[in-house]
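Chemist: Under this note's numbering, the sequence shown is numbered contiguously, ending at residue 1925.
Note that beta-carbon positions come from the ideal geometry of N, C-alpha and C, so glycine has one too.
For reference, the structure I am asking about is given below.
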Amino acid sequence: MEERRETDAVGRSHSWGDERLSLLSTVGAALGDREALQHALDQAVSELGGLAGLMHWSCGPAGSRTLRLVLASGLPPAALGGWEEIRQDEAPLAPARAVRDGRFVWLPAAGESFGPGATGRVSSGTLPAATTVASVPLTGPDGPVGALSVLTGPREPTPEQAAFLEAVGRWTEHRLSHSTGRIGDCDEHPWWHQRPGGSVLQQSLEVVNVGSWEWGIRTGEMWWDQAGLTLLGIPRGYERRIESWIDLIHPEDMPRVMAATEKSLRERSGYEAEYRVCRPDGTSGWVQSRAHLEFDENGEPVRMIGRVWDTTESRMARESVGQALRYMSDAFFAVNQDWRITFLNVEAERLVGPAAEVLGRPLWEGPAGTVPELEEHCRRAAADGRPTGFDIRWPTDDRWYHIRLVPVPDGLTAYLTDATERRSQAARRAEAERAGAEQAAWIRKLTSALAEAVTTQDVVDVVADHVLPPFGAAGLLIEILEGGRLHLGGAVGYPGVFLRMVDGIPAFEGFRPLNDVLNSRLPYFISSVEEYEELFPDLVGRPALSRKEAWAVLPMIASGVTIGVCIVSFAEPRRFSDEERTLLTALTGVITQALARARLYDAEHARAQALQRGLLPRALPSPAALTPAVRYLPASSGTDVGGDWYDVIPLSAERVAVVIGDVMGHGLAEAATMGRLRTAVHTLANLELPPEEVLAHLNEVVSDLGDDSFATCLYAVYDPVSGCCSLARAGHPPPLIVRPDGGVECLDPTPDPPLGAAEPPFSTVDLQLPDGSLLVLFTDGLVESAARDIDTGIAECTQVLTSEYGRLLTCPPRRPRTNGRGAGGEHGEDRDRLDRLCDLLVGTMLPAQRLTADDTALLIARLHGLPSGNTAGWPLPEGPVAAGLARTHVREQLEAWDLDDLVMTTELLVSELVANVVRHARGPTRLRLIRGRSLICEVSDASATTPRIRRAAETDEGGRGLQLISALSQRWGTRYTTEGKCIWTEQPIVYGGAV
């Protein structure tokens, strides 16, 4: 891949080199000689990727071996001080080697033998250390007379680049050889006319407007070439004396020029001076002269050789720049390497101090010394040699400035631009961006909260929490338009008296602030009470009732329909800005959409809850066998109703069935399924089926609903006579049984599968429970959640029941002393205890601040066994004599129970029941009486035949027995037993009071 890249680079270099040569030939024809040579240097630098281009010529007298820099490109003169004059015998330098060898040369720019030397040249140390030089000779008719060089990086030029540089050199030679300039009648220079290639040299000097001269120090003679004579305006027949030159120097510049000459001779150093010349033709101009000394064998200077060039234009430009710099709007000052101020313009004088006072003084003695970190930045910029810029606050005017530090060879310059307004604008822009970002984040948070709001009250709470604080509002009032009136939808920060006043007001008359907004569908912004009373004089005093002093009354429009009014109010007068008006109006649209959605949910949820309430028991019966207490809690998170249900169903013989269940899922369909199952349970319970058969039939009902329908159920039957409780479970959590002594028992937590997934038969558990025991039934919502498994939940319930307060509530109350009639007494005190026990369990297991994802049903039943002495039973013989014997037993037992009023009716009922057995069934036959809240008479036999009432004709001799039983008893029925069946009747007992 590296080879491919190198090949590509070579190809591109070759292509671009051809294009550059073509461009050079085309453009060069339209340029003057100096511009053409400059363009050639630029193309060479670009092709080689160099730093600068140089052109040297052998400009010395006969026998001189000095190459002089006549043209440069890419770097300032200060960086090329070491390249102005090069001795041809300095072989380590590329231009000298190229002229000597007559070929392309590539060498380092500086080495051990390169730098300040005896010639007095300036060091090239200002160039980067890795700088190299590629040079090609410039050849005249008799051999090399100069060199074309490019300062480049450490990488050696490619053969294509070297070939391009040689081609540029040949183009330069060709251009100079065909130049329109001629040497003309030149002064008889002792070292010039003998110089090989002098014609080319002379033309090149003319091209760059550089004149050469030589001064014989001992003889006082001074010679000029043609370019020098033309530059100084010296006539052809001038006197070749130093005095001829001195006479041309402007009198004001004479001392300075002489001082520079004397210094050069005294210090054996190079000579340089810029001065004005007054030409014989009356014109004047600025020139710059630079020279070096040549010495005899004793080291004494014998000759000064130099060159001179016109600087009038550059001097004028510098003076123009100086004037512009002096009076420009930005402050500018310069310091030398000792940090003393050398220049400052008018604007800088305002910041640093008057020029007469601060010039020559250290910068840090003035206001700059108090600017934090300014000195550190200045010293770092000078040390690094790289420009830098930053903002500072200037102490004299307390304004912000952007200061740009630019290192220069002899010090540092500083530009100060007033940045106060820019920083203020940037600060305002940053503040606006920050406010915009905060507002966007706030709106995102508001819309997210509104998206999660479900009910109308949720929307009101979100607006109160997210809209009122940012605006500093003190109140919120939402009025919903229904049936031509405005009804209170929600409010925050208003007294109840005012809310009752505005609830149900006419929508389009009677209360103008709201009426006008509804009619126009445009917002009202009222800034003060005075403005309010001025707009609505008939409502003077209303602001005092609302305790508000500014209002934004905003119409609520959803899908083009006005659904109400939203009022954001303030406790103090307030002027609404255009931005606030726009924002409040826009937010009202978002709030309205959320409110419309919430109202739809409210209506649907209300219907669903009404359906659910209609399907659940409105009030539980209170049979003598138990005292129930129940709690139902809908899910606090989520929107749909659940399918939890419960029931207490009185059975025959004072028995009672207790059922609790849960349809899996949430929604109207689940609630409807719950209603169907509850109805089915009632039907099955009235058939006196045992628990396992009830669940089997319920399983069929759920299976018929579909493969994705499931439900859990616990069905228990408690017999107060025997104290036996039989229960069966299908996927339901086990009940907790609290014994009278406070002990808590939990059944095997592994039930049969849920309804819809089970395969009958279901298992039944028979428990012998003493009087006063508690049966605690619940759905999984009480004990199970995402953060708690069911076993942990049941254990926590057990801890609540066995706690000190739990034991106090589970303890059975003292049974009243009655004459055998306790079974029919009320259990008000116990019901209150059980209600508090329900609250304790729910409050502990489901605290108000915890969101629940499932409904919860809790049913607690206190079991009341039938006291001894309230039942009596006798076996009966087969045959007709059984009826008479049964009547005797009944008469004697009822007299013993003080139920004489029921003797005759009961004798008649028992006669019909026994006669029915004698005629249609088979023995053994048994009679049982139970005294509870009602008198129960049971006749059982071994037959499974169920008696049915039939309509008897007038001529029929039989068929009226069951009709008589139905007429004499409160209710009657048949239930199956393990031995056969039992026919029972119930009659109400009217007690005269306790004895």
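Which term fits K1375, buried or exposed, when burial requires 16 or more other beta carbons within 10 angstroms of its beta carbon?
Modeler: Per the 10 Å Cβ criterion, exposed.
Chemist: Should E1409 be labelled buried (16 or more other beta-carbon atoms within 10 Å of its own) or exposed?
Modeler: That one is buried.
Chemist: Hey, how far is the Cα of V1029 from the Cα of L1057?
Modeler: Roughly 23 Å separates the two Cα atoms.
Chemist: First and last residue of the beta strand (DSSP E) that includes W1827?
Modeler: Unbroken run through W1827: none, as it is neither H nor E.
Chemist: Hey, how far is the Cα of E1909 from the Cα of A1565?
Modeler: For E1909 and A1565, the distance between alpha carbons rounds to 47 Å.
Chemist: When the distance is taken between beta carbons, is L1380 closer than 8 Å to V1520?
Modeler: Yes; because the gap between Cβ atoms is below 8 Å, this pair is in contact.
Chemist: Using CA atoms only, rank isn't needed, just tell me which of R1237, A1813, W1239, L1444 is closest to V1847.
Modeler: Taking only the C-alpha atoms, the option nearest V1847 is A1813.
Chemist: Let me know the secondary structure DSSP gives T1786 once reduced to three states.
Modeler: Residue state, collapsed to three classes: strand.
Chemist: For D1831, is the classification buried or exposed, using 16 other Cβ atoms within 10 angstroms of its Cβ as the cut-off for buried?
Modeler: Burial call: exposed.
Chemist: Is the stretch 1530-1537 close to the stretch 1548-1561, with three or more CB pairs under 8 Å?
Modeler: The answer is no - the stretch 1548-1561 does not touch the stretch 1530-1537, with fewer than three Cβ pairs under 8 Å.
Chemist: Excluding the five sequence neighbours on either side, which residues of its own chain have a C-beta within less than 8 Å of the C-beta of I1487, listed in chain order?
Modeler: Hits under 8 Å: R1451, I1493, G1519, T1522.
Chemist: With DSSP as the reference, please indicate the residues paired to N1846 in a beta bridge.
Modeler: In DSSP, N1846 forms no bridge with anything.
Chemist: Does the distance from the C-beta atom of V1282 to that of P1292 stay below 8 Å?
Modeler: No, they are not a contact pair.
Chemist: If we ignore side chains and look at the alpha-carbon of each, how far apart do R1608 and W1575 end up?
Modeler: Taking the straight line from one Cα to the other gives about 8 Å.
Chemist: In terms of alpha-carbon separation, which member of V1840, V1920, R1858 lies closest to L1894?
Modeler: Measuring from the Cα of L1894, the nearest candidate turns out to be V1840.
Chemist: With a floor of 3 residues, list each beta strand (DSSP E) that falls wholly inside the stretch 1293-1337, ordered by position along the chain.
Modeler: As far as the stretch 1293-1337 is concerned, its whole beta strand (DSSP E) runs of at least 3 residues are 1318-1324.
Chemist: Could you give the first and the last residue of the continuous beta strand (DSSP E) run that contains Q1698?
Modeler: From DSSP, the beta strand (DSSP E) with Q1698 extends over 1694-1698.
Chemist: What residue range is occupied by the uninterrupted beta strand (DSSP E) comprising D1634?
Modeler: D1634 -> not in any beta strand (DSSP E); alpha helix (DSSP H) instead, spanning 1621-1634.
Chemist: Which of the three DSSP states, helix, strand or coil, is assigned to G1755?
Modeler: Low local confidence applies: a pLDDT of 44 at G1755 is under 50, so the model's placement there is unreliable, with the coordinate-based value given in what follows. Coil.
Chemist: Determine the closest residue to H1180 out of E1868, E1204, L1628, with distance taken between C-alpha atoms.
Modeler: Of the listed residues, the one whose Cα sits closest to H1180 is E1204.
Chemist: Check the DSSP bridge columns for K871 and list the partner residues they point to.
Modeler: Residue 871 is absent from the model: the chain starts at 931 and stops at 1925.
Chemist: I believe I1879 touches E1916 by the beta-carbon criterion, under 8 Å. Please report the beta-carbon distance rounded to the nearest angstrom.
Modeler: Not quite, the Cβ-Cβ distance comes to about 17 Å (not below 8 Å), so this is no contact.
Chemist: Who does T1522 pair with in a DSSP beta bridge?
Modeler: Bridge partners of T1522: none, in fact.
Chemist: Measuring CB to CB, does L1843 end up less than 8 Å from I1913?
Modeler: Yes, they are a contact pair.
Chemist: What's the gap between the Cα of R1364 and the Cα of R1358?
Modeler: Computed Cα separation, rounded: 10 Å.
Chemist: Can you tell me whether L1452 is helix, strand or coil according to DSSP?
Modeler: Of the three classes helix, strand and coil, the one that applies to L1452 here is coil, per DSSP.
Chemist: The alpha helix (DSSP H) that contains P1399, what's its start and end?
Modeler: Counting along the chain, the alpha helix (DSSP H) containing P1399 begins and ends at 1398-1401.
Chemist: Quick check: the stretch 1659-1666 against the stretch 1636-1648, are there 3 or more CB pairs under 8 Å?
Modeler: The stretch 1659-1666 vs the stretch 1636-1648: in contact.
Chemist: Would you tell me roughly how many angstroms separate the C-alpha atoms of L880 and L1418, rounded to the nearest one?
Modeler: Residue numbering for the chain in the displayed model covers 931 to 1925; residue 880 lies beyond these limits and cannot be assessed.
Chemist: Secondary structure at D948, three-state DSSP: helix, strand or coil?
Modeler: The answer is helix: DSSP assigns D948 an H, G or I state.
Chemist: Can you tell which of P1231, G1163, H1222, G1167 has the C-alpha that lies nearest to the C-alpha of R1206?
Modeler: Residue G1163 is the option with its Cα nearest to R1206.
Chemist: What does the alpha-carbon distance come out to for the pair V1925 and V1586?
Modeler: Annotation note: pLDDT 33 at V1925 (below 50); position unreliable, coordinate value reported separately. C-alpha separation (whole angstroms): 28 Å.
Chemist: For S1656, tell me which candidate among T1680, L1796, V1589 has the shortest Cα-Cα distance.
Modeler: When only C-alpha atoms are compared, the closest one is V1589.
Chemist: Please report the Cβ distance between I1579 and L1704, rounded to the nearest whole angstrom; I am assuming they are in contact, meaning their Cβ atoms lie under 8 Å.
Modeler: Contact flag wrong, Cβ pair sits at about 19 Å.
Chemist: In terms of residue numbering, what span does the beta strand (DSSP E) encompassing T1876 cover?
Modeler: Here T1876 belongs to no beta strand (DSSP E), and DSSP marks it neither H nor E.
Chemist: Leaving out the 5 sequence neighbours to the left and right, which residues in its chain are closer than 8 Å to M1467 when beta-carbon positions are compared?
Modeler: In the sequence on display, residue 1467 carries Pro and not Met. Result list for P1467: empty, nothing under 8 Å.
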